[in-house]
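Undergrad: Take the sequence shown: its position 36, counting from 1, is numbered 55 in this note's numbering, and each next residue is one higher.
We put the CB at the ideal spot given by N, CA and C, even for glycine.
None of the values given here were measured: they were computed from a predicted structure.
Attaching a single structure in structure tokens format; questions to follow.
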Amino acid sequence: MQEIKITKENFEKEVLASPVPVLLDFYADWCGPCRMVAPLLTEIAAEKDGEVRVCKVNVDEVPELADRFSVSSIPTLLIFKNGVQTAAAVGYHPKADILRLLEQ
């Protein structure tokens with residue numbers, strides 16, 4: 020499955036009401052570490068299709084969501100299960116660490 024672009028309008032449906040765990044990436048196009056994490060998230064989205072939903076929030080386009088989750092550094096990865104945040108990581112992390120976050 021492709022990554023899903025999150026907006027204020029689709030956040031509830033795509034993240035909080037998701038039937039599968041969600042990996043939510045807060046990023047910006049100009050952010051170097053975000054660009055390093057992006058291909059890893061694309062791989063995870065393809066490998067875990069149907070098991071995990073990978074969603075992305077551009078903090079420049081949707082600052083309200085960044086504020087709602089107190090995102091002050093990017094990339095910030097949040098894991099949601101059944102509409103509840105279960106884990107978080109800030110900064111670049113290798114793929115294995117991101118996959119471990121999904122297990123929490």
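List the residues that DSSP assigns as beta-bridge partners of F30.
TA: Partner(s): none; F30 has no beta bridge.
Undergrad: Over what stretch of residues does the beta strand (DSSP E) that includes C53 continue unbroken?
TA: Where C53 is concerned, there is no enclosing beta strand (DSSP E), although the alpha helix (DSSP H) it sits in stretches over 51-66.
Undergrad: Check whether the stretch 96-106 touches the stretch 114-122, taking contact to mean three or more Cβ pairs, one atom from each stretch, closer than 8 Å.
TA: Verdict: yes, contact present.
Undergrad: On the three-state DSSP scale, how would you describe I195?
TA: Here the chain has residues from 20 to 123 only, and residue 195 is not among them.
Undergrad: Taking only three categories from DSSP, how would you classify D116?
TA: Correct three-state label for D116: helix.
Undergrad: For A85, report the span of its alpha helix (DSSP H) as first-last.
TA: A85 -> alpha helix (DSSP H) spans 82-87.
Undergrad: Sort out for me which residues DSSP pairs V41 with in a bridge.
TA: Paired residues: R72, F99.
Undergrad: Could you tell me the distance, in whole angstroms, from the CA atom of A47 to the CA atom of Y111?
TA: Taking the straight line from one Cα to the other gives about 13 Å.
Undergrad: Alpha carbon to alpha carbon, how far is P40 from E70? Give it in angstroms, no decimals.
TA: Distance between the alpha carbons of E70 and P40: 7 Å.
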